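In this note's numbering, the protein residues as written are 27 to 378.
Each residue gets a CB set at the ideal place from its N, CA and C atoms; glycine is no exception.
Bear in mind that the values here come from a model prediction, so they are computed numbers and not experimental data.
For reference, the structure is listed below as structure tokens.
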Amino acid sequence: MSSVVATLQARAFHHAFDIPEDVWNALSQKEAAANVILPFAKKALGFPRGGKDQLWIALYDDDTKSVEFVLSCTKGSLGNYPIFIVSCKSPAQLAQEEQRGKRIADSLLPLVLCLLDEVPPQRVFSVFSIAKVTETFAEIFQAHVPQHHGIRAHKIAYYDTTFTFCTGETLKKESPSVMSTLPGSEDVSIALRRADMSDLKEIQVLCKAFSETSPPFVLDDAGAELEANLLITNQQVWVHMMQTADQVPEIACLIATTRESDSVIAVTKVITPEKWRGRGCAARLLYRVCQDVLQKKKQVVLYVGNSEGLAPARKVYHKIGFQGLNDPHGQEIEGVEKWLEIGFEGTTLGYW
């Protein structure tokens, strides 16, 4: 197959105010899939100039004057984020272009070279994007980093996941399977609410426990306390409280909702302590969160791992109304995408 080589140009921006309107428009048109970049970029509009921690790179097709990809290399409150890449085209569109001879590798090469001009290779500890883009970026990046740096892609992906969404139309109607009370034999009371500072210690423990399920991004006690404090202060965390008999109320499930843009918000943590599993807590709280969010937003999005061990989580999300999960026919749904995070040895680990 012959290759169709477009005229491509990568442009770097060190402050969100420098990001041009056509890049903002490209991200806004892909608002759900751009959730890993767009909300933080908007937040960064308020950052002071002169910092060296924030970088965005846009790849332009000079022939069509269109934005093809947007890459971010940014730093949050808990450390450096992975390299996030948003494609302005769907996986199906990219596959069609490859069939016509426009290779993803040709498009990503100037993006990688621009990134390496801007940051040391040790900064690139992982990359997260739709699967084909991640795999291609990793190959190109590794090939263009001098061997003496010892940077190699890990053979096993950090995160093999499905990006999915729920809307007001797909949210299931309230049903016993989702919102049922606990069995009558259990003498418990339930409260679903936003967390407050009285929950800090419990949420700190849960944040640390959650990070331990997502190696290598494991928090120490100080990091977990900082994350819990930020989530509560920013009103980004919900809790499902359970109280049995004369016992003190406990958090039976925690859900964090972050990365908020005009029409989209992401669920970034769902944690149910082992003691409370099997009682429908995650479904009950997630349904309540989606009800609340979808009064103001058009979509709730999340990533859920594709491993067999996460099949129960996918079943819960499917029950609530998240799309493209547990479909026996495997039908493709627009907006549901396979994403992949690949890490690199010999780099300085960040956190997300």
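ask   = Do you know whose CA, among PHE370, GLY306, LYS364, lies nearest ALA339's CA?
value = For the purposes of this step, residue 339 is taken as the residue at position 313 of the sequence shown. Ranking PHE370, GLY306, LYS364 by Cα distance to ALA339 puts GLY306 first.
key: Coil, strand or helix - LEU141 by DSSP   = Position 115 of the sequence shown, counting from 1, holds the residue named residue 141. Helix at LEU141.
query = CA-CA distance, SER203 and GLN261?
reply = Along the sequence shown, one-based indexing puts residue 203 at 177. Along the sequence shown, one-based indexing puts residue 261 at 235. Reliability fails at SER203, whose pLDDT of 47 lies under 50, so the model's placement of it is uncertain and no value is given.
query = What do you reckon, are the CB atoms on ILE346 and LEU312 nearer than 7 Å?
reply = Position 320 of the sequence shown holds residue 346. Position 286 of the sequence shown holds residue 312. By the CB criterion at 7 Å, ILE346 and LEU312 fall inside the cutoff.
ASP213 versus THR193, ASP318, ILE63, GLN269, residue with shortest Cα-Cα distance = Within the sequence shown, the letter at position 187 stands for residue 213. Of THR193, ASP318, ILE63, GLN269, the residue nearest in Cα terms is GLN269.
query = Would you call the CB atoms of ASP132 and ASN332 closer than 7 Å?
reply = Position 106 of the sequence shown, counted from the first residue, corresponds to residue 132. Position 306 of the sequence shown, counted from the first residue, corresponds to residue 332. No, the Cβ-Cβ distance between ASP132 and ASN332 is not below 7 Å.
Residue interval of the alpha helix (DSSP H) (run including LEU351) = Locating residue 351 in the sequence shown gives position 325, where the first residue counts as 1. Here LEU351 belongs to no alpha helix (DSSP H), and DSSP marks it neither H nor E.
ask   = Rounded to a whole number of angstroms, what is the C-alpha to C-alpha distance between ASP143 and PHE39?
value = To locate residue 143, count along the sequence shown from 1; it is residue 117. To locate residue 39, count along the sequence shown from 1; it is residue 13. If you take the alpha carbons of ASP143 and PHE39, they lie about 13 Å apart.
C-alpha gap between TRP82 and GLU124, whole angstroms = Residue mapping note: residue 82 aligns to position 56 of the sequence shown, counting from 1. Residue mapping note: residue 124 aligns to position 98 of the sequence shown, counting from 1. TRP82 and GLU124 have their C-alpha atoms roughly 25 Å apart.
ask   = When the distance is taken between beta carbons, is ILE130 closer than 7 Å to SER98?
value = As a position in the sequence shown, residue 98 is number 72, starting the count at 1. As a position in the sequence shown, residue 130 is number 104, starting the count at 1. Result no, Cβ atoms of SER98 and ILE130 do not sit closer than 7 Å.
ask   = Are GLN294 and THR284 close, meaning C-beta to C-beta below 7 Å?
value = Taking the sequence shown and counting its residues from 1, the one referred to as residue 294 is at position 268. Taking the sequence shown and counting its residues from 1, the one referred to as residue 284 is at position 258. Just to set this straight, residue 294 is Thr in the shown sequence, not Gln. Taking a C-beta distance under 7 Å as the contact criterion, THR294 and THR284 qualify as a contact pair.
request  = Please confirm whether any heavy atom of the ligand ATP lies closer than 6 Å to the CB of THR259.
outcome  = In terms of ligand content, the structure shown is empty, and the ligand ATP therefore cannot be addressed.
message = Please classify ALA217 as buried or exposed, where buried requires at least 16 other C-beta atoms within 10 Å of its C-beta.
response = The residue labelled residue 217 in the question sits at position 191 within the sequence shown. Burial call: exposed.
ask   = In the DSSP assignment, what are the bridge partners of THR187?
value = Stepping through the sequence shown from its first residue, residue 187 is reached at position 161. Bridge pairing for THR187: GLY331, TRP365 [DSSP].
Coarse secondary structure for TYR107, derived from DSSP in three states = Here residue 107 refers to the residue found at position 81 of the sequence shown. Three-state result, TYR107: coil.
ask   = Which runs of the alpha helix (DSSP H) fall wholly inside the stretch 292 to 329 and span at least 4 residues, in chain order?
value = For the stretch 292 to 329, the continuous alpha helix (DSSP H) assignments of 4+ residues that do not extend past its boundaries occur at 307 to 319, in sequence order.
key: Own chain residues within Cβ distance below 7 Å of MET205, not counting five before or after   = For the purposes of this step, residue 205 is taken as residue 179 along the sequence shown, with counting starting at 1. Model confidence at MET205 stands at a pLDDT of 48, short of 50, so the residue's coordinates are unreliable; what they give is reported in the following sentence. Excluding the 5 residues flanking it on each side, MET205 has same chain C-beta neighbours closer than 7 Å at ARG310, TYR313, in chain order.
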